[in-house]
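Report on the structure given below.
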Amino acid sequence: MSRLESRNPATGLPIGDVPVTPVDAIAGIVRDARAAQAPWARTTPEERARIIIEAASGLADRADELGTLLTKEMGKPLREGIGEVQACSDVRETVAEISDAIRPVRREGNNVRSTIHYDPLGVCAAITPWNFPMMMPHWHVIPALMAGNAVVLKPSEETPLIAQAYVDTLNERLPKDLLNVVHGDEAQGRALVAADVDLITFTGSREAGKHILAAASAGLKRVILELGGKDPLIVLEGADIPAAAAFAARNAFRNAGQVCVSTERIYVNERVMEPFLDAMLRETQALLIGDGLSEATQIGPMINHGQRDHVMRQISDATEAGAGVLCGGQVKDDHWIAPTILTGVTHAMDIAREETFGPVACILPVANDDETIRLANDTPFGLGAVVFGEEAHAHRVARSLTAGMIGVNRGLGGAPNTPWVGAGESGYGFHHSTEGHRQFCQVRVISEPG
Ligand code: NAD
């Protein structure tokens, strides 16, 4: 059986391997999952919640070990690696929210009494990326299982070891074959989509999302797609400039910009451009790049050379077309890209409209709200956006943006029970919240005389 080798992006050296799942074995894995799902679907949400809480708590006992593996495999700073494992280990609030979302709902009127049931769908194929290599599988696995489904996970080929460790830890408590894993690349992903699954939940690139949606259409399989982004930050006249600049440097460069809701474009009112750029440059130059295992590191390496080269190509295309490099713009020690601020970016450049997924912030001066909104919406993506400005003004601008999640004077993360949702080509279906959890269910309405 061939092996999938995993490499440390900070050194390029192998750190372990997993067996590649033969494409022709995938149908059998899905059949086993379906057999395991039948008795699981007959358990109550309370029983499922108890087992899932216990299963996830096993991650807490191993948070340091798994966080270290996550950092070695993906590159992010160790405290963020350990933080990601810890965040996955306590699911009590999440399962309580899901239990509420899937509780039957009664409706009455016109002499009819109806009950809306949120039943399991069957087998869920979860296909995930590498940038949050435990959190992304977790966002799919927990709501799918809580809704009474089985899951076959196809994690990214860049981060198979941490995904396998996640599955193994949960499987210490879960019934056999309810959660299984398929290792490989696009070929295994395609085979899983084509297999006898009822729901495909995918987080990854827009291009792969489009393939999956087309492939799923043959069987009208349910699909949830969380895709890429090109998030704008808007800095209005009257904004708290130090706060906006600190947010910009944090959100453009965190995880080396390899975050779907990274700030990739910054539209700054020309009257506040100078103080904003000064403050952002200061914040950016203070960031330390290095191996995620070293305690001082704030920015880790690029996941692989392909991603590094894509980012550098976008930067050089932009500079050839007239953009200026305020800082960064070069590769360091083969695996890193120094946090980069580009000025003079225009919407004729690829980097203004297409996802970068690297540590690059493009600065674009704007004269008024109309121009800001028009340019901010001039991309096929629409995941998140952030607006800094005087409150009423910022709200007005926020309501005109084509994005699923918008932060006003803060990041875009929502309160409990709010969805993680995209607009445009950033997504199709979403995560969290009552509406999100119900996507993992077959809605069944039973009506009787009443
Ligand atoms: P990717 O699309 O290359 O791969 C994601 C997964 O899909 C991998 O497991 C891969 O093997 C599999 N795959 C690829 N092509 C496939 C196909 N045709 N059929 C089935 N499976 C296929 O993405 P990536 O490079 O791993 O991740 C980066 C992307 O993920 C970025 O675009 C980023 O914005 C996006 N992302 C989005 C969110 C969100 O919440 N919207 C969160 C994290 C990452």
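Each residue of the sequence shown is one higher than the one before, counting from 26 in my numbering. Backbone N, C-alpha and C define an ideal beta-carbon position, used for all residues, glycine too. Note that this is a predicted model, so its numbers are computed, not measured.
Distances between the C-beta of Ser-139 and the heavy atoms of the ligand NAD are all 8 Å or more.
Using a cutoff of 8 Å, the CB of Cys-113 does not count as near the ligand NAD, since none of the ligand's heavy atoms is closer than that. Shown here for Pro-162: same chain residues with a beta carbon closer than 7 Å to its own, the five before and five after excluded, namely Ala-151, Thr-153, Leu-178, Pro-180, Ala-188, Tyr-191 in chain order. Taking the CA atoms as reference points, Glu-415 sits about 37 Å from Trp-155.
Excluding sequence positions up to five before and after Ala-81, its CB lies within less than 6 Å of the CB of Ser-114, Val-116, all in the same chain and listed in chain order. Taken through DSSP and simplified to helix, strand or coil, Ala-448 comes out as coil. Residue Pro-364 holds the alpha-carbon nearest to the alpha-carbon of Met-337 among Asp-316, Pro-364, Ser-319, Glu-72. In the DSSP assignment, Gln-467 forms a beta bridge with Asp-144.
Here DSSP, grouped into helix, strand and coil, assigns His-457 to coil.
Remark: the C-beta of Gly-209 is in contact range of the ligand NAD, defined as less than 8 Å to any heavy atom. Remark: the shortest separation between the CB of Arg-290 and any heavy atom of the ligand NAD does not fall under 8 Å. The C-beta separation of Phe-272 from Val-411 comes to about 7 Å, placing the pair in contact by the 8 Å criterion. Between Glu-251 and Gly-447, the CB-CB gap stays under 9 Å. For Asp-42, the beta-bridge partners assigned by DSSP are Glu-30. When the five nearest sequence neighbours on each side are left out, the beta carbons in the same chain lying within less than 8 Å of the beta carbon of Ala-219 are those of Ala-240, in order along the chain. Contact check for His-372 and Asp-403: beta-carbon distance about 6 Å, within the 8 Å limit, so the pair qualifies.
Closest option to Gly-353, judged by alpha-carbon separation, among Ala-281, Ala-321, Asn-294, His-330: Ala-281. A direct Cα-to-Cα measurement between Arg-56 and Ser-230 gives close to 28 Å. From the listed residues Cys-387, Arg-215, Pro-200, the smallest Cα separation to Pro-64 is found for Pro-200. Annotated three-state conformation of Phe-227 is strand, per DSSP. Leu-94 has its alpha-carbon roughly 37 Å from the corresponding atom of Phe-413. Ranked by Cα distance from Gly-214, the first of Glu-299, Pro-474, Cys-149 is Cys-149.
If only complete runs of 3 or more residues are kept, the segment 181-242 shows the beta strand (DSSP E) at 204-206, 224-228, in order along the chain. Contact between the segment 452-461 and the segment 128-136 is not established, with fewer than three Cβ pairs separated by less than 8 Å. Exclusion of Phe-413 from the 8 Å shell around the ligand NAD follows from its C-beta lying no nearer than that to any non-hydrogen atom of the ligand.
A direct Cα-Cα distance of roughly 11 Å separates Ala-212 from Glu-182. Within the DSSP secondary-structure output, Thr-68 pairs in no beta bridge.
In this chain, the beta strand (DSSP E) harbouring Met-430 covers 430-433. Closest option to Arg-424, judged by alpha-carbon separation, among Arg-399, Asn-442, Ile-54: Arg-399. For Leu-389, no alpha helix (DSSP H) encloses it; the enclosing beta strand (DSSP E) starts and ends at 385-391. In chain order, Arg-28, Leu-29, Glu-30, Ser-31 place their CB closer than 7 Å to the CB of Asp-42, counting only its own chain and leaving out the 5 sequence neighbours on each side. Per DSSP, the unbroken alpha helix (DSSP H) holding Glu-416 starts and ends at 416-423. By the 16-neighbour rule on beta-carbons within 10 angstroms, Arg-469 is exposed.
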